[in-house]
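Trainee: Offset between the sequence shown (1-based) and this note's numbering: plus 6. Shown below is the structure under consideration.
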Amino acid sequence: MILKDKPHLTHAHVRDLLAGMIRIRRFEDKCAELYTQEKIRGFLHLYDGEEAVACGVIPVLGPDDRIVATYREHGHALVRGVPMNKVMAEMYGKVSGASGGRGGSMHIFDAATNFYGGNAIVGGGLPLSVGLALADRMRGLPHVTACFFGEGAVAEGEFHESMNLAALWSLPVLFVCENNLYAMGSALKRTESVTDIHVKVASYGIAAEQVDGMDVVAIEVAARRALAAISETGRPEFLECMTYRFRAHSMFDAQLYRDKAEVATWRSKGPIVRFQSWLTANNLIREDEIAEIEAAVKEEVGAAVDFAESSPWEELETLERHVTSVERPPKPDVVPPSAETEETSYREAVKLAIREALQKDPRVFLMGEDVGAYGGCYAVSKGLMAEFGPERIRDTPLSESGFTGAGIGAAAAGMRPIVELMTVNFSLLALDQIMNTAATIRHMSGGQFGVPLVIRLATGAGRQLAAQHSHSLEGWYAHIPGLRILAPATLEDARGMLWTALQEPDPVLIFENVMLYNRSGKLAANAGPVDIDRAAIRRPGRDVSLITYGGSLYKTLEAAEILAGEGIEAEVIDLRVLRPLDDATIMESLARTRRAVIVDEGWRSGSLAAELAARIGEQAFWHLDAPVGRVCSVEVPIPYPKHLEDAALPQVPGIVAAARSTLGKT
């Protein structure tokens, strides 16, 4: 970061401040015009009236500091140094845009200037900024992350989770709240019991200051003061900038919620007219200089429009680009298992994998609820905190969205976090961060940013934990492009998948079935990383393919054994990878057996089993001698009583019966 005690209002400096605000205003005026011409589409949120905030804060940051913005981020991007041509082309959706046309108005990214983009989810960028700062803190780097957001975000849980984490871990974040008094059409006084946001923030132990958001010099003074404090203490700082947007929330907004007189009053004291009047009154700038600035900006805006107009659209052939990285790490060297084995459990195999990753890569750390002092809800990380310390075995508050988002930010900054979500149902509290940031940031940024993150989740039923702790939601997550979904069932996979997953440039979710943690067996002493691309044939057969994954594998193998006693040779496929599915192994098996039964602990409707059945119908219909069978959980919330829980889940007799049915036997 760049630190100076106070701004020096030299002629060059005040001219730069005024020019920066005029540049934003004229750019957005043109964008509004282009929107009415339908050359810019979607949502368009203009920064008109708030220019002083970006111009007061961003130039004080250093080139290595990071910026996380909101969906109203055109001004932030321009002040940061993202070329206007690229910003305008992005507004058009052209391939020459800052995000390759993939993000549009709300998602402008620029890796060259450490601009981590706008975020269309209110408050969604806050956890990301915490994670970026966490990465700097853990590596001892002297950088700051500046996070811009509106006052509407204060009502979101992610805001409070992020404030708590930043204060708890003493992270170098400059939070900048652009309080424009209206969250869409809801006035702050109608939505918040306490409207002084800096007062709320102070309750987290964060130094917070309210500043006149229409006074660019006051904002710069406050920003310099805050950055100096961060440099000295390493702790977060908070600026509440009292500003006002002159235009509607977005170009779709009829703006019926506030009086025109109110807008006119604020316009009369807007940041540009106010600063320009002060400069001319004090002979700090001449009228001809202002005219020069306006002329130069007009020319730049015109050139940006010409650039956007003449830029090409992305070719349809590249539609699927930037969903995941084109470049993937080489496949691991899988050595034949040694004759020497050790008796171990699935739980211990996962722990061995975590320990190995921590030993081999200093970028790796484990974070989540109770992973440290408690040793993990399922005792997977027991003892690791004593071995690696609280920095790398990092206990978190009960704030799934906050710490998952922080893991995403740390990964985007180059770390290799392992985030543990205690149970899969808790992951729904973090779904926003997983789906809207981790799975999409590569696409929205045009491939500039990736998230090499691993999230571990305990999944499944069978322990009499009733309806809220017994979900099997792997199929939900397998629906989301941008994620890789793994389901290790064997000791070898529990031991070996994690390290391979940590080498991936994109987010990987590993679902560990709760019924497997206590399962034990022999594990080769030399067991290590495994391939995470292919399904595995766990038992060869010729009569029917039994396709399953995770906790149902052993029930399926038991069913195959029973069928063998009846002269039916069932082939058992362990999917292992739920996204992307290994269609080739499945279809090759069906070419041999000509029959399929899918065993899936998810509910039948809209299940992963339904997706598999559809793919089989599309790719192997002419091989089949019978309809595809499915054995899924009964469509009820998982009951508490053991006999009802067992009845709700796939069990061996049901698998056997389904296999017999495909063969025309009862």
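A virtual CB, placed ideally from N, CA and C, is assigned to each residue, including glycine. Keep in mind that this is a model prediction, so the values were computed, not measured.
#1: Can you have a look at S387 and say buried or exposed, based on whether 16 or more other CB atoms are within 10 angstroms of its CB?
#2: What whole-angstrom Cβ distance do S476 and I644 have, given they're in contact under 8 Å?
#3: Identify every run of the beta strand (DSSP E) within the region 476-525, keeping only runs that are complete inside it and at least 3 residues long; order them along the chain.
#4: To which residues of the same chain is I28 closer than 7 Å at the C-beta, ignoring the five residues directly before and after it?
#5: Cα separation between Y452 and W319?
#6: Give the DSSP-derived three-state secondary structure of A602 in the structure shown.
#7: What are the boundary residues of the beta strand (DSSP E) that includes T347?
#8: Please report the straight-line C-alpha distance between R666 and L497, rounded to a whole angstrom.
#9: DSSP three-state label for A75, please.
#10: Which residue wins for smallest C-alpha separation from H14, given the options L290, A173 and R398?
#11: How close, in whole Å, do the beta carbons of A541 and I579 come, if the pair is a contact with beta carbons under 8 Å?
#12: So, with DSSP's three-state summary, where would you put M593?
#13: Looking only at its own chain, which residues have a Cβ that is under 7 Å from the Cβ of A235, when we skip the five neighbours before and after it?
#14: May I have a chain-ordered list of the alpha helix (DSSP H) segments no shorter than 4 residues that lie completely inside the region 56-140?
#15: Compare the beta carbon distance of L372 and I399 with 7 Å and say whether it is the shorter of the two.
#16: If we ignore side chains and look at the alpha-carbon of each, how far apart do V128 and V550 end up?
#17: With DSSP as the reference, please indicate the residues paired to I543 in a beta bridge.
#18: Taking C-alpha atoms, which residue in A602, E354 and E164 lies nearest to L404?
#19: Going by DSSP, what residue range makes up the alpha helix (DSSP H) through S639?
#20: Suppose the cutoff is 8 Å on Cβ atoms and the five residues either side in sequence are ignored; what does the same chain contact list for A379 look like?
#21: Find out if the Cβ-Cβ distance for the pair S135, C153 is shorter than 7 Å.
#22: Does M144 come out as helix, strand or coil in the three-state DSSP assignment?
#23: Let's test the definition: count the other Cβ atoms within 10 Å of the Cβ of A260 and tell me whether it reaches 16, buried, or not, exposed.
#24: Going by DSSP, name the residue or residues bridged to R585.
#25: From this set, A287, Y77 and D116, which residue's C-alpha is nearest P69's C-alpha?
#26: Identify which residue in A159, P178, T119 and H113 has its Cα closest to the Cα of M144.
#27: By the 10 Å Cβ neighbour count, where 16 or more other Cβ atoms means buried, how is L42 classified, buried or exposed?
#28: Straight-line CA distance for G276 to K45?
#29: Nearest-angstrom Cα distance between A664 and V637?
#30: Which partner residues of I461 appear in the DSSP bridge assignment?
#31: Decide yes or no for the touch test of the region 358-373 against the region 553-572: beta carbon pairs closer than 8 Å, at least 3 of them.
#32: For the candidate residues T239, R32, C61 and G130, whose alpha-carbon lies nearest to that of L437?
#33: Going by alpha carbons, who is nearest to A484 out of G608, E577 and W505?
#34: Can you check DSSP and say which residues form a bridge with E184?
#35: By DSSP's criteria, L372 is part of a beta bridge. Which residues make up the other side?
#36: Once DSSP output is grouped into helix, strand and coil, what is the label at E607?
Mentor: Here's the rundown:
#1: Buried.
#2: 4 Å
#3: Here the runs fully enclosed are 490-492 and 514-519.
#4: I278, I299, E300 and V303, listed in sequence order.
#5: In the sequence on display, residue 452 carries Gly and not Tyr. In a straight line, the C-alpha of G452 is about 14 Å away from that of W319.
#6: Note: A602 maps to strand in three-state DSSP.
#7: T347 to S351
#8: Their backbone Cα atoms lie some 30 Å apart in a straight line.
#9: Coil, per DSSP.
#10: For the residues L290, A173 and R398, the minimum Cα distance to H14 belongs to L290.
#11: Between I579 and A541 the Cβ distance is about 5 Å, and since that is below 8 Å, they are a contact.
#12: helix
#13: Within the same chain, A235 has close Cβ partners A213 and E243.
#14: 57-63, 80-86 and 90-98
#15: Taking 7 Å as the Cβ cut-off, L372 and I399 qualify as a contacting pair.
#16: Going from the Cα of V128 to the Cα of V550 covers about 50 Å.
#17: I579
#18: E164
#19: In the DSSP assignment, S639 falls outside any alpha helix (DSSP H) and lies within the beta strand (DSSP E) extending over G635 to S639.
#20: Cβ neighbours of A379 beyond the five flanking positions: M391 and D401.
#21: yes
#22: Residue state, collapsed to three classes: helix.
#23: exposed
#24: I491
#25: Among A287, Y77 and D116, the Cα nearest to that of P69 is on D116.
#26: Taking the Cα of M144 as reference, the smallest distance to any Cα among A159, P178, T119 and H113 is reached at P178.
#27: What sits at residue 42 in the sequence shown is Thr, not Leu. Under this definition T42 is an exposed residue.
#28: 28 Å
#29: Approximately 7 Å, taken between the alpha carbons.
#30: V425 and L515
#31: Flag = no, the region 358-373 and the region 553-572 do not touch.
#32: Looking at the Cα atoms, G130 is the closest of the given residues.
#33: G608
#34: G156 and C247
#35: The bridge partners DSSP lists for L372 are I399 and I424.
#36: strand
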